[in-house]
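Student:
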Amino acid sequence: MLCVRVWRSLSPVCRGVHLSAWKRTQSHTAAAARLDLSGIYPPIATPFTAKEDVDYQKLEGNLQKYAKIPFKGLVVQGSNGEYPYLTEEERVEVVKTVRRSLPNDKLLMAGSGCESTRATVQLTEKMAAAGADVVLVVTPCFYKGKMDGRALIQHFTKVADSSPVPVVLYSVPANTGLELPLDAVVKLSQHPNILGLKDSGGDISRIGLIVHKTKRQDFQVLAGSAGFLMAAYCVGAVGGVCALANVLGQELCELERLCVSGRWDEARVLQQRLIEPNAAVTRKLGVPALKQAMEWFGFHGGACRSPLQPLTEAEAQQLRRDFSSDGWL
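Just so we're on the same page, the working numbering is the position in the sequence shown counted from 1, plus 119.
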């Protein structure tokens, strides 16, 4: 199989770069040394009590188990963390909890996206103060008909201008109903405080084109799903933020290792076994299925916060079949 060789640095957390000529009123400390994002990140779930309060004890239990898996870091308050259902105070407190438990050599990427630019700027500053190394900023979408390239470039630029930590763009059209336009990504890649993009759309040609058009900027693309992780590596992605890593983290890290070392035949076999369970916990059944699978694999998943509903009996049986058919259960 002919694939683009994936460049990465296995040991340093940071690598120096020459700054882009982006007109700014002040420089960023983050621009002096670009974080190396390459690797696998689980977008961790948020456990709740029976009364739907955040269960910090169970969260810490999950963190202890994740510390034994060779993740590059954790994504906190992403889509699988049910961030739209948490208050701002809860979102920040979850990040603080993770920071206290997370080893210093692991990156903490915190979701700080809100609907308004002003709110995103404010929450980004709070996430940085809570211990985030990087912020993941989703596209605002409530007025999606007006969220064209011009509006999104202005939004992300203002956030990156004021952010104390580097920014990763987040395009997740399945949830937001809009995709961050290619031209906007290319423009934003020139900003020294914007490190990369998490692309959950699954269009491999788009991912490859983004890598190609931003390679001079040292821009890093992360696949947003385990279902197309190998394909994303083939066109130059540097890692993945994968819901399935919450339950099959060791296996996702192994797939990363195989891809980076060019062992494509072995990678293909493993990738094929991951497609069905990944689809089950993402586009087919979503976060309730992910949390159910976490329980089966020894993690704390539990119920979602309302109005998300638990799986029906039929859905739970289908989920078990999707994991069992590929030998995971």
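From the three backbone atoms N, C-alpha and C, an ideal C-beta is built for every residue, glycine too.
Taking the runs of the beta strand (DSSP E) that are 3 residues or longer, which of them lie wholly in the segment 341-367?
Tutor: 358-360
Student: Tell me the rounded alpha-carbon separation between V253 and N312.
Tutor: 10 Å
Student: CA-CA distance, R439 and S282?
Tutor: 42 Å
Student: Counting C-beta neighbours from all protein chains within 10 Å, is the total for Q183 16 or more, i.e. buried, or is it exposed?
Tutor: exposed
Student: Flag this pair as touching only if the segment 222-242 and the segment 410-426 have three or more C-beta atom pairs under 8 Å; answer yes or no.
Tutor: In short, these stretches do not touch, since the Cβ pair count stays below three.
Student: On the premise that G421 lies in contact with F167, defined as a C-beta separation below 8 Å, what is that separation, rounded to the nearest angstrom?
Tutor: 6 Å
Student: Helix, strand or coil: how does DSSP classify S443 here?
Tutor: Helix.
Student: Quick check for students: name the residue ranges of the alpha helix (DSSP H) that lie wholly in the segment 269-344, counting only runs of 4 or more.
Tutor: 292-295, 301-307 and 323-333
Student: With a threshold of 9 Å between beta carbons, is L226 in contact with chain B?
Tutor: The structure shown contains no chain B; it holds only a single protein chain.
Student: Please say whether S319 and S290 have beta carbons closer to each other than 9 Å?
Tutor: yes
Student: For G197, count neighbouring Cβ atoms within 10 angstroms of its own Cβ and tell me buried if that reaches 16, exposed if not.
Tutor: buried
Student: Under the rule that 16 or more other beta-carbon atoms within 10 Å means buried, what is H274, buried or exposed?
Tutor: buried
Student: Going by beta-carbon coordinates alone, are V211 and L242 separated by less than 9 Å?
Tutor: yes
Student: If A399 and D441 are in contact, beta carbons under 8 Å, what's the gap, nearest whole angstrom?
Tutor: Confirmed, about 4 Å.
Student: Closest by CA to I188, which one among Q176, D322 and G158?
Tutor: Ranking the options by Cα distance to I188, first place goes to G158.
Student: Taking only three categories from DSSP, how would you classify E434?
Tutor: helix
Student: Can you name the start and end residues of the beta strand (DSSP E) that I159 belongs to?
Tutor: G158 to Y160 is the span of the beta strand (DSSP E), which, as asked, contains I159.
Student: Indicate whether P162 and V360 have their beta-carbon atoms separated by less than 9 Å.
Tutor: yes
Student: For the beta strand (DSSP E) containing G230, list its first residue and its last residue.
Tutor: L226 to G230
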